[in-house]
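Here the structure is laid out as structure tokens; the discussion comes afterwards.
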Amino acid sequence: MKQRLIKLVQWTPFPALALLIFFLILNQFLSPGYLKGNFMSSFLAANASVIIVSIGTSIVLIGGGMDISMGGLLCLVNVVYVLLAEAKVPLAVCLIMCIVIGFAGGLLNGLCIAVFRVTPLLTTFATSFVFGGIALWLMKAPHGSIQREIVKWYFSWLKGYGAPILFIGITIVLWLVIKKTKMGVWIYAVGKDEVKAYASGVPVRTVKLFMYGFSGIITGIGGMVLTTYIGAGDPLIAVSYTMTIIAACVIGGILLTGGVGDAIGALFGSMFLGLIITTVLSSVRDSFYHNFVQGIIMVMGVIGAILLSRVINSVKYKSLGGR
Amino acid sequence: MGETESVKELRKKVFLNNQNVKSFLPSIIIIIILTVVSNILSPGFASVGNMMTISTRACILAVACIGQAYIMISGNAGIDMSVGAFMSMAALLTSKFSGGTNLGLVWTVLIFIGIGAFFGFITGVCIQFFKIPSLVMTLAMSSVINGLSLGVTRGQPQMTIPPVLLSLGTPVVGVIRGMIFLTVIIITVMILVLHKTKYGKSLFMVGSNRNAAAVIGLKVNRIVIGTYMISAIISCIAGLMMLGFVGSAQLQMGDEYTLLSVAAVVIGGTKLSGGKGGLVGGILGSLVLIILTSMLTALGLPSGVRQLIQGTLLLGIVLINSRELKLRN
Chain A
0 MKQRLIKLVQ WTPFPALALL IFFLILNQFL SPGYLKGNFM SSFLAANASV
50 IIVSIGTSIV LIGGGMDISM GGLLCLVNVV YVLLAEAKVP LAVCLIMCIV
100 IGFAGGLLNG LCIAVFRVTP LLTTFATSFV FGGIALWLMK APHGSIQREI
150 VKWYFSWLKG YGAPILFIGI TIVLWLVIKK TKMGVWIYAV GKDEVKAYAS
200 GVPVRTVKLF MYGFSGIITG IGGMVLTTYI GAGDPLIAVS YTMTIIAACV
250 IGGILLTGGV GDAIGALFGS MFLGLIITTV LSSVRDSFYH NFVQGIIMVM
300 GVIGAILLSR VINSVKYKSL GGR
Chain B
0 MGETESVKEL RKKVFLNNQN VKSFLPSIII IIILTVVSNI LSPGFASVGN
50 MMTISTRACI LAVACIGQAY IMISGNAGID MSVGAFMSMA ALLTSKFSGG
100 TNLGLVWTVL IFIGIGAFFG FITGVCIQFF KIPSLVMTLA MSSVINGLSL
150 GVTRGQPQMT IPPVLLSLGT PVVGVIRGMI FLTVIIITVM ILVLHKTKYG
200 KSLFMVGSNR NAAAVIGLKV NRIVIGTYMI SAIISCIAGL MMLGFVGSAQ
250 LQMGDEYTLL SVAAVVIGGT KLSGGKGGLV GGILGSLVLI ILTSMLTALG
300 LPSGVRQLIQ GTLLLGIVLI NSRELKLRN
């Protein structure tokens, strides 16, 4: 029992999980009925895309990479989906195209980073403008709508809980499957130390390509969910998501130096961040200050998570030293 | 006679192998080619008036690049994604602080030095003491700053601007505009700070090897935090110059300068790994980018395509310029 408890505390997503549970209990205590009603379902519907893309990005971060192009890629997926839907293309084709676009974007990042060995930060910074530029080129101003049936389904299946949980579930299952395979071990190895991994026979180039391609596919799924949620096209919709997603990963216990953390942490991190932003903003009257408050919450969240994980680590080392 | 020729030959060789020439020559060639091509594509591009407008815009970018270059030199994957946000904030808040008078401008500049130092200090402390990666912290800071300017201005564009600021965009001596003189002064001072002072020399050491710098007794934390403060202050000043050039302030008007400043500094040969680089490269990089942007605008391309071309260009530059060693090495 004690062994299991220690293991739980040392699990890297633990701080985020603890924060999330603490926050939910606090809110339930402060305003009873918080967990009932429509709040959770509408929260999940609105935040599913950020949660999904955070999980995808965390895989890249675990592998020692960096990605700041998700915002641009999400915009591109959104625009393509809406343009296809406007052109009366069948729904299945639209959804597949979303994933294909995501995969292509991820692969472009992967090619530049793995094959041409460019710094991930600069590559994805440049590609974020490439993706965003294409999105803005294809659609100059927000317009259009997608098939009405899927929007209705998204909001009504299982009282609105069904669709978001289904998509988040698919993403998590994909990650867990990969984690169990050889590729999962390789991703952690490359994240820890690229050179040592290479020396011990890990195909570093393939691993990196896979990691970015896979993260791209998940971004495609995220874009699909985002479009289904808003039901319309907007070439600038996701520009500001990049920061939220990276903050969610950091809060979820994933170090940007690589090799540490679990994509599940990103799930808790993004849920915690989303919940706290929603709650605090509902108490800020002046809507013009919302972005400001949101930015401050993100900074505080990142600092808090880093300090918390540091405290846990120091306790861990002390307990090891005591033995 | 033969001797002088061999001396000439030698001089030529030395000239071509000189590190500065090696890193600056490509930019200069690109600038000339771009100008010629643009003049063919849209006649009148290389006219004196247009060239002056271009160099004025390049001046704004070159000043914005100073902070970016300082931070990249400080190493540890340092990058400043908040340049654009600080520029927008400075442009938006000027009319609030100055009330549109010249005397008010003096106070405004002092206030912005304070604000820049304050936020730069917070950024630097978070990066040095909480070990938040520079990219994440400056991105977060830029959303805080953009949110702050949205809250203070309530989304309204700002029109009341001190006349002195506006006159920076007009010719002072002959065709040369005030902005250019100001930029030359700022950049000269910052180059002297970088290469002649104790701070500048320690910055290069901190950038090339943090641990070694700490071992020889440099106060690494203080130097890095100071660099972030300088970058924020310089970005605010670049924002004031942008306001003087454009003539009115809108929300997030400086956002594109974040990409442009990173691109210009990278074109100029400064590497993300730190410890190397300078400001002259950034100036040439700014000229390249602004000429390119002006050319795209003159051709009447929509903003999406412009953004696409800028992104592709940056991608192309980093593909050539900042490749890492093969793992085998």
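Top to bottom, those sequences are chains A and B.
Sequential numbering of the first sequence, starting at 0, is according to numbering that gives the first Met the number 0.
Sequential numbering of the second sequence, starting at 0, is according to numbering that gives the first Met the number 0.
By construction, the Cβ of each residue, glycine as well, lies at the ideal position given by its N, Cα and C atoms.
Owing to the predicted nature of the structure, the values given are computational and were not obtained by experimental measurement.
Discussion item. Using beta carbons (cut-off 8 Å, strictly below), is residue 293/A in contact with chain B?
Written reply: Your numbering for residue 293/A matches position 294 in the first sequence. Interface residue, yes.
Discussion item. Against chain B, with Cβ distances strictly below 8 Å, would residue 287/A count as a contact?
Written reply: To locate residue 287/A, count along the first sequence from 1; it is residue 288. Yes - at least one Cβ of chain B is within 8 Å of the one on residue 287/A.
Fill in: Amino acids of chain A, ordered along the chain, whose beta-carbon sits closer than 9 Å to that of residue 209/B
Residue mapping note: residue 209/B aligns to position 210 of the second sequence, counting from 1. In chain order: nothing, as chain A lies at least about 14 Å away.
Discussion item. Which of the three DSSP states is assigned to residue 174/B in this structure?
Written reply: Locating residue 174/B in the second sequence gives position 175, where the first residue counts as 1. When secondary structure is reduced to three states using DSSP, residue 174/B falls in the coil class, being assigned neither helix nor strand.
Worksheet item: If you measure beta-carbon to beta-carbon, which residues of the stretch 117-136 of chain B are closer than 9 Å to chain A?
Response: Considering only beta carbons, the part of the stretch 117-136 of chain B lying closer than 9 Å to chain A consists of 121, 125, 129, 130, 131, 132, 134, 135, 136, in chain order.
Practice prompt. Report yes if the C-beta distance between residue 273/B and residue 78/B is below 8 Å; otherwise report no.
Written response: In the second sequence, residue 273/B corresponds to position 274, counting from 1. In the second sequence, residue 78/B corresponds to position 79, counting from 1. In this structure, residue 78/B does not lie closer than 8 Å to residue 273/B by Cβ.
Discussion item. Bridge partners for residue 142/A per DSSP, in chain order?
Written reply: Taking the first sequence and counting its residues from 1, the one referred to as residue 142/A is at position 143. By DSSP's assignment, residue 142/A forms a beta bridge with 232/A.
Practice prompt. Please list, in chain order, all residues of the same chain as residue 212/B whose beta carbon is under 6 Å from its beta carbon, the five residues on each side excluded.
Written response: Along the second sequence, one-based indexing puts residue 212/B at 213. Spatial neighbours of residue 212/B in its own chain (CB-CB distance under 6 Å, excluding positions within 5 residues in sequence) are listed in chain order as 204, 205, 219.
Item to complete: Look at the alpha carbon of residue 321/A and the alpha carbon of residue 262/A, and state the distance between them as a whole number of angstroms.
Response: Position 322 of the first sequence, counting from 1, holds the residue named residue 321/A. Position 263 of the first sequence, counting from 1, holds the residue named residue 262/A. Here residue 321/A scores only 46 on pLDDT, less than 50, and its place in the model should not be relied on; the value that follows carries that caveat. Per the coordinates, the alpha-carbon of residue 321/A lies some 31 Å from the alpha-carbon of residue 262/A.
Discussion item. Here's the rule: buried if 16 or more other CB atoms are within 10 angstroms of the residue's CB, otherwise exposed. What is residue 4/B?
Written reply: By one-based count along the second sequence, residue 4/B stands at place 5. Looking at its Cβ environment, which holds fewer than 16 other Cβ atoms inside 10 Å, residue 4/B is exposed.
Discussion item. Checking the sheet assignment: what are the DSSP bridge partners for residue 27/A?
Written reply: Counted from its first residue, the first sequence places residue 27/A at position 28. Answer is none; residue 27/A lacks a bridge partner.
Worksheet entry | Nearest residue (CA-CA) to residue 241/A, options 53/A, 40/A, 101/A | Stepping through the first sequence from its first residue, residue 241/A is reached at position 242. Comparing Cα positions, the closest option is 53/A.
Worksheet item: In chain A, what lies closer than 7 Å to residue 145/B by C-beta?
Response: As a position in the second sequence, residue 145/B is number 146, starting the count at 1. Taking a Cβ-Cβ threshold of 7 Å, the residues of chain A close to residue 145/B are 290, in chain order.
Worksheet item: Which residue spans inside the stretch 86-118 of chain A form an unbroken beta strand (DSSP E) run of at least 3?
Response: The stretch 86-118 of chain A contains no whole beta strand (DSSP E) run of 3 or more residues.
Worksheet item: Which chain B residues sit within Cβ distance under 8 Å of residue 121/A?
Response: Working through the first sequence from its first residue, we reach residue 121/A at position 122. Residues of chain B with a Cβ closer than 8 Å to the Cβ of residue 121/A are, in chain order, 261, 265, 271, 313, 317, 321.
Worksheet item: Can you give, in chain order, each stretch of the alpha helix (DSSP H) that sits fully within the stretch 281-320 of chain B and has at least 4 residues?
Response: The qualifying runs are 302-320.
Item to complete: Would you decide whether residue 309/B is buried or exposed? Buried here means 16 or more other CB atoms lie within 10 Å of its CB.
Response: Taking the second sequence and counting its residues from 1, the one referred to as residue 309/B is at position 310. Residue 309/B is buried by the Cβ-count criterion.
Practice prompt. Report whether the distance from the Cβ of residue 13/A to the nearest heavy atom of the ligand SAM is below 7 Å.
Written response: The ligand SAM is absent from the structure shown, which contains no ligands of any kind.
Practice prompt. Work out the CA separation of residue 295/A and residue 40/A for me, nearest whole Å.
Written response: As a first step, residue 40/A must be located in the first sequence, where it is residue number 41. As a first step, residue 295/A must be located in the first sequence, where it is residue number 296. Computed Cα separation, rounded: 26 Å.
Discussion item. Just list the residues that DSSP pairs residue 248/B with in beta bridges.
Written reply: What you label residue 248/B is simply residue 249 of the second sequence in a count that begins at 1. Note: residue 248/B sits in a beta bridge opposite 157/B.
Discussion item. Under 8 Å, Cβ to Cβ, is there at least one residue of chain A near residue 155/B?
Written reply: As a working mapping, residue 155/B is identified with position 156 in the second sequence. For residue 155/B, the answer is no, since every Cβ of chain A falls outside 8 Å of its Cβ.
Worksheet entry | Interface flag, residue 82/B vs chain A, CB-CB below 8 Å | As a first step, residue 82/B is located in the second sequence; it is residue number 83 there, counting from the start. No, residue 82/B lies away from the interface with chain A (no Cβ there is under 8 Å from its Cβ).
Worksheet item: List, in order along the chain, the chain B residues whose C-beta lies closer than 8 Å to that of residue 128/A?
Response: The residue labelled residue 128/A in the question sits at position 129 within the first sequence. Those within 8 Å of residue 128/A in chain B are 258, 306, 307, 309, 310, 313.
Practice prompt. Check whether the stretch 282-294 of chain B touches the stretch 49-68 of chain B, taking contact to mean three or more Cβ pairs, one atom from each stretch, closer than 8 Å.
Written response: Contact between the stretch 282-294 of chain B and the stretch 49-68 of chain B is present: 3 or more CB-CB pairs across the two stretches fall below 8 Å.
Discussion item. Alpha carbons only, please: which of 94/B, 117/B, 118/B, 119/B is nearest the one belonging to residue 107/B?
Written reply: Locating residue 107/B in the second sequence gives position 108, where the first residue counts as 1. Closest option to residue 107/B, Cα to Cα, is 94/B.
Fill in: Three or more C-beta pairs below 8 Å linking the stretch 222-233 of chain A and the stretch 43-58 of chain A
Yes: at least three Cβ pairs fall under 8 Å.
Item to complete: Check residue 140/B in the structure and name its three-state DSSP category.
Response: Counting from one through the second sequence, the residue named residue 140/B turns up at place 141. Helix.
Fill in: Residue environment, residue 2/A, which counts as buried when at least 16 other CB atoms sit within 10 Å
On the first sequence, residue 2/A is found 3 positions in, with the first residue counted as 1. The residue is exposed, with fewer than 16 neighbouring Cβ atoms inside 10 Å.
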